[in-house]
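In this note's numbering, the protein residues as written are 136 to 361.
All residues carry an ideal CB built from backbone N, CA and C; glycine is no exception.
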């Protein structure tokens, strides 16, 4: 039994070494897509959240419709729509670009809703006080509202960022050679499904663990001293 387990481990180690470059390339694509979609989606989400709270009635109505539709649409549908629909109107996006766009759109709707809730939870008197001392809206947001809202949204933002990493696995359906697709290609050659899926899961865990640590670091930096 011990010898059999040792042989299996040696075989897996050998196959892992053979597939190391493919796995590293897939991991790099996954990290790149996740990072770009999280950054773009977060920036767009901040604008969306501001519009939902401080925009005029028509703008708030439009942004509310966008947020509800996107949040209620499965990520896979957004991915397929980004890849196939845009090509019908002459905008030929590659699989990588379409994937980043779809995930960024999905991320923006969640970040926008999170920020909306955080901003509306802040006392209105703070904004009025900032106006009274002559601060512009941009100065009020940067110096008064954003620091407080950031502390509230960080835990939920970390969860959203982790969801974007997991959602990146769906991009294999449009041919993006991310970690899951690379893993499936490797398994098709060596038939070591359990071992390589487990290893891929471990790599996804490391990415999300890094995001969690980053969130904890920012949370400590933005915490109010007691």
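First and last residue of the uninterrupted alpha helix (DSSP H) at residue i
i           : result
residue 299 : 281 to 302
residue 173 : 155 to 189
residue 354 : 328 to 357
residue 252 : 230 to 256
residue 312 : Counting along the chain, residue 312 falls outside any alpha helix (DSSP H), and DSSP gives it neither H nor E.
residue 277 : Here residue 277 belongs to no alpha helix (DSSP H), and DSSP marks it neither H nor E.
Pair within 9 Å by beta-carbon distance, residue i and residue j
i           : j           : result
residue 194 : residue 207 : no
residue 277 : residue 179 : no
residue 357 : residue 286 : yes
residue 163 : residue 318 : no
residue 339 : residue 165 : yes
C-alpha distance - residue i paired with residue j, whole-angstrom precision
i           : j           : result
residue 248 : residue 183 : 8 Å
residue 300 : residue 311 : 14 Å
residue 272 : residue 258 : 16 Å
residue 151 : residue 233 : 30 Å
residue 230 : residue 200 : 27 Å
residue 261 : residue 282 : 13 Å
residue 337 : residue 351 : 21 Å
residue 327 : residue 146 : 10 Å
residue 196 : residue 256 : 20 Å
residue 348 : residue 288 : 15 Å
residue 355 : residue 284 : 15 Å
residue 243 : residue 254 : 16 Å
Status (buried if at least 16 other CB within 10 Å, exposed otherwise) for residue i
i           : result
residue 303 : buried
residue 169 : buried
residue 241 : buried
residue 148 : exposed
residue 268 : exposed
residue 343 : buried
residue 218 : buried
residue 323 : exposed
residue 202 : buried
residue 335 : buried
residue 264 : exposed
residue 198 : buried
Other residues of its chain near residue i: CB distance less than 7 Å, five sequence neighbours each side excluded
i           : result
residue 296 : 173, 346
residue 153 : none
residue 353 : 289
Residues near residue i in its chain [Cβ-Cβ closer than 6 Å; skip 5 each side]
i           : result
residue 307 : 315, 316
residue 325 : 150
residue 171 : 235
Sequence-distant residues of its chain with Cβ nearer than 8 Å to residue i (five each side left out)
i           : result
residue 181 : 246, 247, 250
residue 292 : 177, 246, 249, 350
residue 211 : 305, 308
residue 205 : 213, 240, 241, 243, 244
residue 157 : 317, 320, 321
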